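Reviewing the structure listed below.
Protein chains: 2
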Amino acid sequence: MGQKRGGGDSSAARRECDIARWHGEADVIVVGFGAAGACAAIEAAEAGADVLVLERASGGGGTSAMSTGQIYLGGGTRIQKVCGFEDSADAMYDYLLASSGPGPDAEKLRLFCDNSVRHFDWLEAKGVPFKESFYGEGSYTPTDDCLSYSGSELAHPYPDVAPPAPRGHTVQQLGIEAGVQLMQSLIAAVETTPARIAPDHHCEALVRDEADRVVGVFTRHFGEERCYRARGGVILCAGGFIRSREMVERHAPWLARVRWAMGTDGDDGRGIRMGTAAGGEAIRMHTGCIVLPFTVPKGLLRGLMVNRSGQRFINEDAYQTVVGEAALLHQQGEVYLVVDDAIFETPMPPVEIRAVGESIEELERELEMPEGNLQHTVASYNAGAEHGVDPSFHKAKEHLQPLGTPPYAALDYRVEHSLWSVFTLGGLHTDTDGRVLSPENAPIPGLFAAGRTTSGLAAQGYSSGLSIADATFFGRRAGRTAAALAR
Amino acid sequence: MGQKRGGGDSSAARRECDIARWHGEADVIVVGFGAAGACAAIEAAEAGADVLVLERASGGGGTSAMSTGQIYLGGGTRIQKVCGFEDSADAMYDYLLASSGPGPDAEKLRLFCDNSVRHFDWLEAKGVPFKESFYGEGSYTPTDDCLSYSGSELAHPYPDVAPPAPRGHTVQQLGIEAGVQLMQSLIAAVETTPARIAPDHHCEALVRDEADRVVGVFTRHFGEERCYRARGGVILCAGGFIRSREMVERHAPWLARVRWAMGTDGDDGRGIRMGTAAGGEAIRMHTGCIVLPFTVPKGLLRGLMVNRSGQRFINEDAYQTVVGEAALLHQQGEVYLVVDDAIFETPMPPVEIRAVGESIEELERELEMPEGNLQHTVASYNAGAEHGVDPSFHKAKEHLQPLGTPPYAALDYRVEHSLWSVFTLGGLHTDTDGRVLSPENAPIPGLFAAGRTTSGLAAQGYSSGLSIADATFFGRRAGRTAAALAR
């Protein structure tokens, strides 16, 4: 019965007394060399700790390198000021608190917002490049521009909650390469410290002493067992679990329907399982960032997002992750964007036109929707839009344009027919200093975590850039805490 | 840092070497004396094990005694046959598999359905009384009747999935007292075995040996520490966590909005925390059974459930927990039931009339809904209902009645204004034999669980009676497994 626990590839914690020999040791061991791991390593090393970074791939980067390189920062960063945007820590906090519910981690949000400007400065000082520019066409910057709106700040109800400001800070590099640039810069910064990097080390389990303190890591290096002792602590920065089919199906089965799982092979949940096996608690395991990318080009925001009954269900200018969450979780992922000829633009592939009609009535028939529903939806929307209002869902005036130029089309954004993307947001519960907590909020001695191995700033109502913000900000704090413990 | 772990009321597992003395021992220790614990104790004792039941209250009963005493059973039970209903294990399985998604535990469902008739017979043999009668007015039986429809079997799309049959089997006793009757019968059955009952024992933590095997329980008896050794295993049957505000807010914050938390003080999540602290995994912690009790009297099913925008969002004849789940999670809990004078009946208190109008237009205005939406909803519904169809949501023909007799009213079923009820469905992951599993599906040696301490047959799309079915069926299996281990 206990067979699986001791051997094989189990992430169950090992006992120190069972470790035949240590292959190396350090004050602080960092597991995973993405953005969280890099920032943890820098801070721990700069605090004087002897740091060892274990990475399963042959080099650093992780999922952060695959990302769009966007970081959610605000409160009046240098770039925000240069571009003429006012912001404050309070406005940022009020927005994030209101948009990240239910049950956001208010303490983490407050600390993050209060220190966001300083964190931006730190990233710049470490060599991460940001251009002094604003990109107004959407959250994702195909150019090398920096600042953009990457959340629902301008959408109902948030302008009434807090003064809006763009807070997506994308690293200076063309398009998707910005994530690579971010990691190149952070890896270079790590390399200026004495921290040691050990690639090709697949971490399998933590090692605990008799008092249940985490004192090391059990790894495999090209198949061979290697154990490393940590005098101060171990920091798990090993990514999320979107690439573990079993974990996704157990914890967040609806996410399995999304075609593009954003992650590397490393996002197999191993870090989370190592942490829970050592007594940590995993929380919000059902949550994910669900991207329904219908806002490229931006003019498509003027279309109407409808469900299979022909009803609207959200203001279309809510951020694409918020629309994605509502569409997947509340509308079974069966949604269409209805446009007329005046609004139509070629959407970002691969999106197909599901139906076309010379009238809304014809379109409704083509979509096999209940008779009259879509007609009512469009007529009601048009009646408001002509007066610049959207009484049902409060879409902002600038995106309101009555549909009236035939032909009409329904773009197929059903989850199985379109390229939505997704990653997991659940993970280990940590305090603001990166300590992994038990189900009763007791820190697990010697264990820390950051990045998508943890449940962090975002749960639901995701704004883009929060994951890398989380990873870098709390990765740094975990590094400092673990280093202090080693002394 | 480790301060909270060792002392106080932590549920972190204790080490056997730290136990000064054992105050007693048994082959099998059962924690909690509700339906799951009683059934586990009976089976373990009948298998020849020396059984000790530890209960924090002064007597058995738990939340099962507070329940409606309804048990979801089928496949052709004696009562189903006597009442003239055909059923099969396959039909039951097909319905439960389709309605409990996404991500139901197919293995548990299959086993449960295949053995449901035998389980019913066992309950009867143990003295649990069931009347040979069918109650057709709803799921809950205010009378002492037995059989009723307690799920969505008759509602779209399930009649197309599996032949419907009523499977709610309520213990013979008037109304809410049926739960008390269930527990009186089960406790009496336990008392015919040699199993020992120890009330007033508040279990705080499990005790593990050096190999991490669960070997006992740390309890408090009127404040005094008492430790009990388990030679075979410990079975956690300690309820869910709806009475732990902190756990609800962390894991399922939306459930905190529901006014009636169905549970005893024992539903504080302690059993789940004891289990995770010993290496078990908690799953589906965000799920709950959310009851929106608008179907008493049953004629109100003919009303229209609408959201704050005046849209329908579900077939109103879906089971009240399914409507509750959609209303709370997808419609922010802001829903009304729209009726006309012909349909109106006094609803089960405390439900207030939010608005009245001589026309739907007036009602819409009173409710401050976007102009035209409710009018369209009712006109569209009426057009279909006149032909016995509901093209939008497929409510069954028998509940379709056009609204046309003024005045019209909106009954206030908003979650904060009406008496919804809720309990948690997340908990420890167990196999079909009641073994608690680690995040990697390895059984935790010596540890078992059943009832709402586990995530069982139901996740979402709850049908009433599944929790007691789960508790009794898998409680029995856990009892047998633990007893076998003790030999």
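Going down the list, the sequences are from chains A and B. So in numbering that gives the first Met the number 0, spot 443 of the first sequence is number 442, and the numbers just go up one at a time. So in numbering that gives the first Met the number 0, spot 154 of the second sequence is number 153, and the numbers just go up one at a time. The beta-carbon is built from N, C-alpha and C at its ideal position, and this holds for glycine as well. Here the structure is a predicted model, which means the values were calculated and not measured.
In summary, A/E223 is exposed, with fewer than 16 beta-carbon neighbours lying within 10 Å of its beta-carbon over all protein chains present. Proximity of chain A to B/T275 at the Cβ level (cut-off 8 Å) is accounted for by T275, E280 and P438, in chain order. In the DSSP annotation of this structure, the continuous segment of the beta strand (DSSP E) that includes B/H220 starts and ends at V213 to H220.
Proximity to B/Q459 across B/D17, B/S420, B/G287 and B/A11 peaks at B/G287, based on C-alpha coordinates. At a beta-carbon threshold of 8 Å, the residues of chain A lying near B/R272 are P438 and E439, ordered along the chain. For B/Q319, the three-state secondary structure derived from DSSP is helix.
Contact of B/N314 with chain A is not assigned, every C-beta pair being separated by 8 Å or more. With distances taken between CA atoms, A/A237 lies nearest to A/T263 out of A/P296, A/T263, A/R413 and A/L108. When the five nearest sequence neighbours on each side are left out, the beta carbons in the same chain lying within less than 6 Å of the beta carbon of B/G150 are those of Y318 and S462, in order along the chain. Counting only runs of 4+ residues, the alpha helix (DSSP H) found wholly inside the stretch 243–298 of chain B occupies 244–250 and 269–276, in chain order. Neighbours of B/G455 in chain A, taken as residues at a C-beta separation under 8 Å, are lacking, since the least C-beta distance is about 14 Å. For the stretch 93–121 of chain B, the beta-carbon criterion of a distance under 8 Å to any beta-carbon of chain A is satisfied by G100, P101 and G102. Taken through DSSP and simplified to helix, strand or coil, A/D199 comes out as coil. Excluding sequence positions up to five before and after A/Q79, its CB lies within less than 7 Å of the CB of G73, D86, L146 and A164, all in the same chain and listed in chain order. A/E385 is outside the set of residues whose beta carbon lies under 8 Å from a beta carbon in chain B.
Partner residues in the beta bridge of A/Q69, as assigned by DSSP, are A/T169.
Separation of the CB atoms of B/E24 and B/R242 is rounded to 30 Å, and the pair is thereby denied contact status at 8 Å.
By the CB criterion at 8 Å, A/I443 and A/A277 fall inside the cutoff.
Taking C-beta atoms as the reference points, A/G426 and A/G239 count as a pair closer than 8 Å.
Short of 8 Å from the beta carbon of A/W21, and not among the five residues preceding or following it, lie these beta carbons of its own chain, in chain order: G215, C226, Y227 and R228. B/C16 counts as exposed, since fewer than 16 other beta carbons sit within 10 angstroms of its beta carbon. In the structure shown, B/N440 adopts coil according to DSSP, grouped into three states. A Cβ of chain B is located within less than 8 Å of the beta carbon of A/Q310.
E248, R249, H250, P252 and W253: these are the residues of the stretch 247–259 of chain A whose beta carbon lies less than 7 Å from some beta carbon of chain B, given in chain order. Straight through space, the alpha carbons of B/A457 and B/L108 are spaced by roughly 9 Å. In the structure shown, the three-state DSSP call for A/I467 is helix. Check the Cα spacing between B/S9 and each of B/C202, B/Q331, B/E397 and B/R207: the tightest is with B/C202. Look at the stretch 326–404 of chain B and you find these whole runs of beta strand (DSSP E), each 3 residues long or longer: 334–338 and 351–356. The three-state secondary structure of B/I241, taken from DSSP, is coil. In the structure shown, B/V29 falls within a strand segment according to DSSP collapsed to helix, strand and coil.
Per the C-alpha coordinates, the member of B/D430, B/R195, B/T76 and B/A255 positioned closest to B/A441 is B/D430.
Selection A/G332, A/A34, A/G445 and A/S420 evaluated against A/A485 yields A/G445 as nearest (Cα-Cα). Against chain B, the beta carbon of A/P390 has neighbours under 7 Å at P369 and E370, listed in chain order. When secondary structure is reduced to three states using DSSP, B/F447 falls in the strand class. Interface annotation, B/A482: not in contact with chain A, CB-CB separation never under 8 Å.
Membership of B/D120 in the alpha helix (DSSP H) is indicated by the continuous run S115 to A124.
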